[in-house]
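Down below is the structure, laid out as structure tokens.
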Amino acid sequence: MARTIVITGGTHGIGKALARHHTELGDHVVAVGSSEEGGRRLREAAPKARFVRADLSSVRRTRELIERLGTEHPVIDALVLAAFRFNPVRVETDEGFEHTFALYVVNRWLMAEGLRASLENAPAPVIVNLCGAGRGGRIHWDDLQLKDDYRGLTATMQGAAASELLGTAYFSERTKYVLYNPVFVATGLHEPFKQPLRGLVRVASAMFAQPVAKAVPPLAALIDHPPAKPLTTWKKGKPIDLTVDRNEARRLEETLRAVTRSVGRRRSDRRGGS
Ligand SMILES: NC(=O)c1ccc[n+]([C@@H]2O[C@H](COP(=O)([O-])OP(=O)(O)OC[C@H]3O[C@@H](n4cnc5c(N)ncnc54)[C@H](OP(=O)(O)O)[C@@H]3O)[C@@H](O)[C@H]2O)c1
Numbered sequence: 069m070a071r072t073i074v075i076t077g078g079t080h081g082i083g084k085a086l087a088r089h090h091t092e093l094g095d096h097v098v099a100v101g102s103s104e105e106g107g108r109r110l111r112e113a114a115p116k117a118r119f120v121r122a123d124l125s126s127v128r129r130t131r132e133l134i135e136r137l138g139t140e141h142p143v144i145d146a147l148v149l150a151a152f153r154f155n156p157v158r159v160e161t162d163e164g165f166e167h168t169f170a171l172y173v174v175n176r177w178l179m180a181e182g183l184r185a186s187l188e189n190a191p192a193p194v195i196v197n198l199c200g201a202g203r204g205g206r207i208h209w210d211d212l213q214l215k216d217d218y219r220g221l222t223a224t225m226q227g228a229a230a231s232e233l234l235g236t237a238y239f240s241e242r243t244k245y246v247l248y249n250p251v252f253v254a255t256g257l258h259e260p261f262k263q264p265l266r267g268l269v270r271v272a273s274a275m276f277a278q279p280v281a282k283a284v285p286p287l288a289a290l291i292d293h294p295p296a297k298p299l300t301t302w303k304k305g306k307p308i309d310l311t312v313d314r315n316e317a318r319r320l321e322e323t324l325r326a327v328t329r330s331v332g333r334r335r336s337d338r339r340g341g342s
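This note's numbering puts the first residue of the sequence shown at 69, with every later residue one more than the last.
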């Protein structure tokens with residue numbers, strides 16, 4: 069029977085390649101991206117995938133999407149979290165979050181929690197969080213929104229560390245949570261940078277990065293046969309051990325609940341995340 073696979077960031081890079089792979093197998097793929105250009109790319113690569121446009125850095129838009137997907141798809145077999153944007157300079161969303169935190173942390177938490185019911189209805193449900201797990205990032209508890217000292221890499225590493233905590237905090241008897249670090253895949257990683265860094269990243273990518281097509285089979289295998297353990301961590305197709313502080317995982321969940329609670333109310337009423 070055809071499965072339903074939701075892929076955030078399914079319009080470019082690894083997400084798009086995965087969308088293509090699964091539509092070719094006959095699965096029903098819903099790919100989410102923020103731009104019409106992404107929708108066009110997806111139609112070219114995977115004409116049978118369904119494109120849904122939504123800005124996932126927005127809590128409001130994410131909640132609307134969850135509502136829509138939950139209604140339209142009472143059964144979701146796999147949720148792949150791959151939406152990402154590298155921000156060389158600090159960007160703040162309309163809702164007051166640092167953009168990387170909004171997309172990489174808040175959105176992934178909301179999607180996994182919000183689609184829980186549809187996932188639980190599937191025979192072998194799995195969440196695959198594509199992230200930089202195992203890279204040793206940390207949470208900047210005293211300045212979560214990185215207002216004082218923003219660097220693109222710091223925000224990215226914080227998002228990777230947060231993914232580890234989100235996977236640890238996620239509890240389900242049935243849905244398996246997979247943290248998957250693809251390590252270095254040639255998806256246009258040079259694009260956000262200015263010269264000369266742009267040129268350097270492009271050369272490094274050409275020399276060392278894995279082609280996108282090669283990154284797909286190990287990921288698809290985890291969707292086809294989710295691991296038996298509730299949480300597993302993988303680096304480029306190989307399982308790795310990860311030690312995560314459960315108290316920190318709970319703290320992140322509580323913080324996310326608090327900072328998103330008032331989104332949608334007047335901005336002055338909202339409690340900040342830092
Ligand atoms: N590539 C690597 O070497 C590497 C290494 C480690 C981890 N990862 C992780 O793997 C995942 C996929 O990486 P990738 O390199 O394949 O990514 P990518 O090619 O940069 O694609 C990112 C995707 O996210 C979507 N997106 C960006 N901002 C969005 C927003 N506000 N709302 C909705 N969608 C948004 C983009 O579509 P639009 O532009 O249309 O919005 C696109 O489909 C990421 O989570 C990344 O952290 C990648």
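Each residue gets a CB set at the ideal place from its N, CA and C atoms; glycine is no exception. Since we're looking at a predicted model, the values are computed, not measured.
The way I'd put it, the region 223–243 does touch the region 160–180; three or more beta-carbon pairs between them come closer than 8 Å.
Following the DSSP letters along the chain, one finds A99 in no alpha helix (DSSP H) but inside the beta strand (DSSP E) bounded by residues H96 to G101. Between the alpha carbons of V148 and V74 lies a distance of about 6 Å. Under the rule that a run must span 4 or more residues, the alpha helix (DSSP H) segments found entirely inside the region 234–276 read 265–276. Leaving aside the five residues that flank G227 on each side, the residues in its chain whose CB is nearer than 6 Å to its CB run, in chain order, T168, Y172 and V173. Not one heavy atom of ligand 1 lies closer than 7 Å to the C-beta of E163. By the Cβ test, the region 147–161 is in contact with the region 211–220, since at least three Cβ pairs between them sit closer than 8 Å. Rounded to whole angstroms, G164 and T91 show a C-alpha spacing of 37 Å. Distances taken from the Cβ of F119 to the heavy atoms of ligand 1 include none shorter than 7 Å. Bounds of the beta strand (DSSP E) holding A146 are A146 to L149. Nearest neighbour of V194 by Cα position, chosen from H208, R242 and A223, turns out to be R242. Contact annotation, V246 with L290: C-beta distance approximately 5 Å; criterion of less than 8 Å satisfied. Here DSSP, grouped into helix, strand and coil, assigns N197 to strand. The beta-bridge partner set that DSSP reports for T300 consists of V246. By a beta-carbon distance limit of 8 Å, G202 contacts I308. Their separation comes to about 5 Å. For a cut-off of 8 Å, the C-beta gap from V280 to T255 is around 6 Å, short enough to register as a contact. Under the three-state reduction of DSSP output, I207 falls in the coil class, being neither helix nor strand. Residue burial annotation: N315 is exposed, with fewer than 16 other C-beta atoms found within 10 angstroms of its C-beta. The alpha-carbon separation between Q278 and F252 amounts to approximately 6 Å. With three or more CB-CB distances shorter than 8 Å, the region 104–122 counts as touching the region 75–91.
A distance below 7 Å between beta-carbons, with the five flanking residues on each side excluded, links N189 to the following residues of its chain, in chain order: P142 and V143. Counting only unbroken stretches of 3 or more residues, the beta strand (DSSP E) elements lying wholly within the region 120–166 are 146–149, in sequence order. G205 has its Cβ no nearer than 7 Å to any heavy atom of ligand 1.
C-alpha of V196 to C-alpha of P295: approximately 11 Å in a straight line. For a cut-off of 8 Å, the C-beta gap from R71 to H89 is around 12 Å, too long to register as a contact.
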